[in-house]
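In my numbering, the protein residues as written are 19 to 393.
Heads up, the beta-carbon is just placed ideally off N, CA and C, and yes, glycines get one too.
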Amino acid sequence: MYLPAKNKLLFLVANRFTVHTAVASVVAIAAIMNIQTNEVRAESFGENSILYNIMNPNSASGIEEVMAQSETKEIIPSTYLGAAVISEEPHIDFDYIDEEHVTTRVGGSALSVPTIQEGTERTRTETETYIVQEGDTSGIIAEKFGISLTTLLWANDLSTRSTIRPGDTLKILPTSGLSHTIKRGDTVAKIAKIYNVTPEEIIEFNRLASADDIAVGESIIVPNGKKPAPAYVAPRQVPSYTNDNAPVQKRGASTGSGTWVWPTDWRVITQYYGWRHTGLDIDGDYNTSNYAAAGGTVSFVGWRNGYGLTVEVDHGGGITTRYAHASKNLVSVGDQVSAGQALQKTGTTGRSTGTHLHFEVIVNGKFQNPLNYIR
19 MYLPAKNKLL
29 FLVANRFTVH
39 TAVASVVAIA
49 AIMNIQTNEV
59 RAESFGENSI
69 LYNIMNPNSA
79 SGIEEVMAQS
89 ETKEIIPSTY
99 LGAAVISEEP
109 HIDFDYIDEE
119 HVTTRVGGSA
129 LSVPTIQEGT
139 ERTRTETETY
149 IVQEGDTSGI
159 IAEKFGISLT
169 TLLWANDLST
179 RSTIRPGDTL
189 KILPTSGLSH
199 TIKRGDTVAK
209 IAKIYNVTPE
219 EIIEFNRLAS
229 ADDIAVGESI
239 IVPNGKKPAP
249 AYVAPRQVPS
259 YTNDNAPVQK
269 RGASTGSGTW
279 VWPTDWRVIT
289 QYYGWRHTGL
299 DIDGDYNTSN
309 YAAAGGTVSF
319 VGWRNGYGLT
329 VEVDHGGGIT
339 TRYAHASKNL
349 VSVGDQVSAG
359 QALQKTGTTG
369 RSTGTHLHFE
379 VIVNGKFQNP
389 LNYIR
């Protein structure tokens, strides 16, 4: 036995109040630390206490997870259009096909239609060669080079009935007109008279120093020149008479009114007779005339819808010829005309594009192919 009063250290340890005090201190410290905790969640309640860390053998150092957030940037769609662009129109091929022009806009302001300055297209001065491509026609080629169809045909010794094929080589004159090879005795004035142009036009286009600046064998361009009409041979006149029972005559034969002749000055056919075309279109200009294809009596003079200024001639035997699109009629109803007599001046009246004669042969009220009667 020992006496507590005699041993102070043993007294403190053995005293029952000392143990109570120690336990009370630990609880107080734990309480203070828990109060200072910033956030307490149900699933982690007590995990930050000293007691939890002492008692949990699986405790490890806390890992703080930080998620990096990418910087948000505004995405601007790329565009390859500048400030001045043609305004977008929906279904341009269908809804706006009749619009004259497409307007342009710069910054919302409308601009007038751009004007193409004159002289931007290269002016050709020499004859070129062209290789016919797949899908080409004489008309397409002529339009491509800015010349008339007759110019293309004349330069290549073609007619409207000629066939061109891919690979063919064509001569393309630099302007509408024709080419003339100088022969002995030719002068600029003489050439101009043949092709119905002025000497000045020939000199200027070919850049001649003077009217004498030409040599035998060389070729020159005659701008806007036209081939002279073939010499007209007056047919032998025979007395005219009417035979209502006369059969339809074949091409080139003599009718009751005389021989059939070509009905105008030029022999360039621009459209043939067919199931959608009731006659023959023959090229001409305001200086050419239309002639009676055979003798007969003028049965109509005036305006017909679509035909324009028209003359009709009754040849007997149920045969009538019609001459349309004239610029001036020269005969009257009831006139007796002979084959080759002038009836009109060529024109483009009525439903017509370009000066030409529309010639029809009508037998007993039915249209016939005029080339069965004239050649």
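Inset, instruction - Could you tell me which residues DSSP puts in a beta bridge with His-295? - result: Here the question's residue 295 lines up with position 277 in the sequence shown. Answer is Gly-292, bridged to His-295.
Inset, instruction - Locate the beta strand (DSSP E) running through Phe-223, then write down its first and last residues. - result: The residue you call residue 223 lines up with position 205 of the sequence shown. Per DSSP, Phe-223 belongs to no beta strand (DSSP E); it is in the alpha helix (DSSP H), 217-223.
Inset, instruction - Indicate the three-state DSSP secondary structure (helix, strand or coil) for Gly-320 in the structure shown. - result: As a working mapping, residue 320 is identified with position 302 in the sequence shown. Looking at Gly-320 - three-state DSSP - the assignment turns out to be strand.
Inset, instruction - Kindly identify the DSSP beta-bridge partner or partners of Ala-342. - result: Position 324 of the sequence shown, counting from 1, holds the residue named residue 342. Bridge partners of Ala-342: His-376.
Legend entry - Close Cβ partners of Trp-278 (< 6 Å) along its chain, the five nearest in sequence each way excluded: Position 260 of the sequence shown, counting from 1, holds the residue named residue 278. Excluding residues within five positions, the ones whose Cβ falls inside 6 Å are Ala-311, Ala-312, Tyr-391 and Ile-392.
Legend entry - Close beta carbons around Asn-382, own chain, < 8 Å, minus the five adjacent residues each side: In the sequence shown, the residue the question calls residue 382 occupies position 364. Excluding sequence neighbours, Asn-382 sits near Gly-336.
Inset, instruction - Report the partner residues of Leu-327 according to the DSSP bridge assignment. - result: In the sequence shown, residue 327 corresponds to position 309, counting from 1. The partner list for Leu-327 (beta bridge, DSSP) reads Trp-321 and Ala-344.
Inset, instruction - Report the rounded CA-to-CA distance for Phe-223 versus Ala-207, giving the unit in angstroms. - result: To locate residue 223, count along the sequence shown from 1; it is residue 205. To locate residue 207, count along the sequence shown from 1; it is residue 189. Rounded to whole angstroms, the gap between the alpha carbons of Phe-223 and Ala-207 is 14 Å.
Inset, instruction - Can you have a look at Ser-16 and say buried or exposed, based on whether 16 or more other CB atoms are within 10 angstroms of its CB? - result: The question about residue 16 has no answer, for the chain in this structure spans 19 to 393.
Inset, instruction - Report the option in Thr-36, Val-351, Val-331 and Tyr-325 whose CA atom is closest to the CA atom of Gly-365. - result: Here residue 365 refers to the residue found at position 347 of the sequence shown. Residue Tyr-325 is the option with its Cα nearest to Gly-365.
Legend entry - Status (buried if at least 16 other CB within 10 Å, exposed otherwise) for Leu-191: Here residue 191 refers to the residue found at position 173 of the sequence shown. Buried, because 16 or more other Cβ atoms sit within 10 Å of the Cβ of Leu-191.
Legend entry - Expected contact under 8 Å - CB spacing of Gly-297 and Tyr-304 to nearest Å: Indexing the sequence shown from 1 puts residue 297 at position 279. Indexing the sequence shown from 1 puts residue 304 at position 286. 21 Å between Cβ atoms; not a contact.
Inset, instruction - Counting only runs of 3+ residues fully inside the segment 136-176, write out the beta strand (DSSP E) ranges in chain order. - result: 146-149
Inset, instruction - For Thr-216, I'd like the list of residues in its chain whose CB is within less than 8 Å of its CB, leaving aside the five on either flank, ordered along the chain. - result: As a position in the sequence shown, residue 216 is number 198, starting the count at 1. Closer than 8 Å at the Cβ level, and outside the excluded window around Thr-216, lie Ala-210.
Legend entry - Closest residue to Thr-4 among Arg-294, Gly-302, Pro-281 and Trp-280 (Cα-Cα distance): With the chain running from 19 to 393 in the structure shown, residue 4 is simply not present.
Inset, instruction - Measure the C-alpha to C-alpha separation of Asn-56 and Val-44 and round it to an integer number of angstroms. - result: Numbered from 1 along the sequence shown, position 38 holds the residue referred to as residue 56. Numbered from 1 along the sequence shown, position 26 holds the residue referred to as residue 44. With a pLDDT of 47 at Asn-56, under the threshold of 50, the predicted position of this residue should be treated as unreliable, and no value is reported.
Legend entry - Residues bridged to Val-355 [DSSP beta-bridge criterion]: To locate residue 355, count along the sequence shown from 1; it is residue 337. Its beta-bridge partners are Gly-314.
Inset, instruction - In angstroms with no decimal places, state the Cα-to-Cα distance between Gln-354 and Gln-362. - result: The residue labelled residue 354 in the question sits at position 336 within the sequence shown. The residue labelled residue 362 in the question sits at position 344 within the sequence shown. Approximately 15 Å between the Cα atoms of the pair.
Inset, instruction - Determine, using beta carbons only, whether Ser-197 and Ser-237 come nearer to each other than 7 Å. - result: As a working note, residue 197 is residue 179 in the sequence shown. As a working note, residue 237 is residue 219 in the sequence shown. Going by C-beta atoms, Ser-197 is nearer than 7 Å to Ser-237.
Legend entry - Reduced DSSP category for Lys-244 - H, G, I as helix; E, B as strand; rest coil: Residue 244 sits at position 226 when you count from the first residue of the sequence shown. Three-state DSSP puts Lys-244 in coil, outside helix and strand.
Legend entry - Proximity below 7 Å, CB of Gly-368 to CB of His-343: Sequence index remark: in the sequence shown, residue 368 carries index 350 (1-based). Sequence index remark: in the sequence shown, residue 343 carries index 325 (1-based). A distance below 7 Å separates the beta carbons of Gly-368 and His-343.
Inset, instruction - Reducing DSSP to helix, strand and coil, say where Thr-36 ends up. - result: Reading the sequence shown from its first residue, position 18 is the one you call residue 36. Of the three classes helix, strand and coil, the one that applies to Thr-36 here is helix, per DSSP.
Inset, instruction - Could you tell me how far apart the beta carbons of Asn-347 and Leu-327 are, in whole angstroms, since I believe they sit closer than 8 Å? - result: Sequence index remark: in the sequence shown, residue 347 carries index 329 (1-based). Sequence index remark: in the sequence shown, residue 327 carries index 309 (1-based). The pair is a contact, with the Cβ atoms about 6 Å apart (cut-off 8 Å).
Inset, instruction - Could you give the DSSP three-state label for Ala-360: helix, strand or coil? - result: Within the sequence shown, the letter at position 342 stands for residue 360. In the structure shown, Ala-360 sits in a strand (DSSP, three-state: E or B).
Legend entry - Contacts around Thr-282, its chain only, beta-carbon distance under 8 Å, and the 5 residues preceding and following it disregarded: What you label residue 282 is simply residue 264 of the sequence shown in a count that begins at 1. Once the five neighbours on either side are set aside, the close Cβ partners of Thr-282 are Ile-300, Gly-302, Thr-306, Ser-307, Asn-308, Tyr-309, Thr-364, Leu-375 and Phe-377.
Inset, instruction - Just mark Trp-284 as buried or exposed, buried being the case when its beta carbon has 16 or more other beta carbons within 10 Å. - result: By 1-based counting over the sequence shown, the position of residue 284 is 266. Classification for Trp-284: buried.
Legend entry - Local Cβ density within 10 Å of Glu-394, reported as buried at 16 or more and exposed below that: The structure shown does not extend to residue 394, since the chain is modelled only from 19 to 393, so the question has no answer here.
Inset, instruction - Run the proximity test for Thr-187: is its beta-carbon closer than 6 Å to any non-hydrogen atom belonging to the ligand FAD? - result: Questions concerning the ligand FAD fall outside what the structure shown contains, since it holds no ligand whatsoever.
Legend entry - For Lys-244 and Tyr-213, believed in contact at Cβ under 8 Å, the rounded distance: In the sequence shown, counting from the first residue as 1, residue 213 sits at position 195. In the sequence shown, counting from the first residue as 1, residue 244 sits at position 226. The pair is a contact, with the Cβ atoms about 6 Å apart (cut-off 8 Å).
Legend entry - Sequence-distant residues of the same chain with beta carbon closer than 6 Å to Val-379, five excluded per side: In the sequence shown, counting from the first residue as 1, residue 379 sits at position 361. Around Val-379: Thr-339, Gln-386, Pro-388 and Tyr-391.
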